[in-house]
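Quick note on full-length UniProt numbering: the sequence shown kicks off at 1 and runs consecutively.
Note sheet for the following structure.
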Amino acid sequence: MFPWSYEFGRAVMAVDYMVFTLRLIHIFAIHKQLGPKIIIVEKMMKDVFFFLFFLAVWLMAYGVANQALLYSYDPRPGWIFRRVFYRPYLHIFGHIPIHEMDADKLEEGIECTNNVTLMEAGAEPCTSTYANWLVVILLVIFLLVTNILLVNLLIAMFSYTFSKVQEHSDTYWKFQRYNLIAEYHSRPCLAPPFIILSHLHLFIKRHIRRIPSVKIKHFVLDIRGRQASRLNTWEAIQKENILSAQNKREREKDSERLKRTSVKVDSVLKQMAEIRDHGRRLKMLETELEYCSSALSWMVQALSQSNLIKPTCPPPALRDQTLQLADPSDGE
């Protein structure tokens, strides 16, 4: 076995192990709580992908400027790319080389040279101290933008994605469960390495016996007659239920509740106006009744004092109405 192939095989096996272990996340799609979380992680990965565009622009801008200010000449392309991209990326997580940024510590314990010949031979170039103050300012601006602005932007994107998926988590979970069941329904029943038998059977069926493949629609039933009529009736009932639920939700909204409240207030005000009008009419009737009773009393008194009518019997007296409302048993 060649040494290079052995190391290459180890690297491939390590990567394969990581990939196939992460593939186990797929089995969580059947769970009602963990299934939607997989969709959330998937959409968050898309958010990270678009976030990396902004981060790459800032990394390149800061990395090139930092490399040009600290090292005026460096013939090693590998170290140039490392300082332009990798080192600014580590700055985001707090790995800041003080011996390269601080002018007071640039020359402490570092073996470097400014000789171009020695640098081309592999020696470490010395850092420039001319614009050290500008390097510090650029570092502060870079950390301010990346650690505060861009990271908070990413957190806001994650929050929006989480709330958007969590709102319809039940729908996502049902689609995930269907896709998982359909996937395992269409796969061969044998597990590796016995799956080769299923592939041999499929090869013989398609290429030797010439049996055409049939496009199967998963879990689709051909319903006719009475069952189709019952299914259509059930769909119509469910449609009416959904529409009634939507109308109920519309009625429960704030605007609808405000409209209903305003209508109720208008009706109450109208009733109050009618009550006040009835009270005014009752007062007028009471006034007229008092006038009529006074006029009748005057007429009775005038007739009793005149000699036109002989007083055969006394005039009727006004009885108190409260006595009539009393219990008749009290008088017995």
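For each residue, glycine too, the CB sits at the ideal point set by N, CA and C.
From a predicted model like this one, the values you see are computed outputs, not experimental measurements.
Per the coordinates, the alpha-carbon of Ser304 lies some 41 Å from the alpha-carbon of Asp277. Below 8 Å, too few C-beta pairs join the segment 18 to 37 and the segment 126 to 134 to call them touching: fewer than three. Take the alpha-carbon of Ile208 and the one of Phe8: they are about 40 Å apart. Asn66 sits buried, since 16 or more C-beta atoms from the chains shown fall within 10 Å of its C-beta. In the structure shown, Pro36 falls within a helical segment according to DSSP collapsed to helix, strand and coil. Separation of Ser5 and Leu34 (C-alpha to C-alpha, rounded to the nearest whole angstrom) is 40 Å. Only residues of its own chain outside the window of five on either side were considered, and among them Gln67 have a CB closer than 6 Å to the CB of Arg83, listed in chain order. Within the model, the alpha-carbon separation for Asn247 versus Leu285 is close to 50 Å.
For Ile195, the number of other beta carbons within 10 angstroms of its own is below 16, and it is reported as exposed.
Look at Pro77 here: in three-state DSSP terms it is helix.
A residue is called buried when at least 16 other Cβ atoms come within 10 angstroms of its Cβ; Trp234 does not meet this threshold and is exposed.
Cys292 carries a helical assignment under DSSP once its states are collapsed to helix, strand and coil.
Across the structure, Phe81 and Leu154 are spaced so that their CA atoms are roughly 26 Å apart. Judged by beta-carbon spacing, Leu69 lies within the 8 Å limit of Ser128, meaning their Cβ atoms are closer than that value. Here Ile208 carries a helix assignment [DSSP, helix/strand/coil]. Bounds of the alpha helix (DSSP H) holding Lys164 are 151 to 167.
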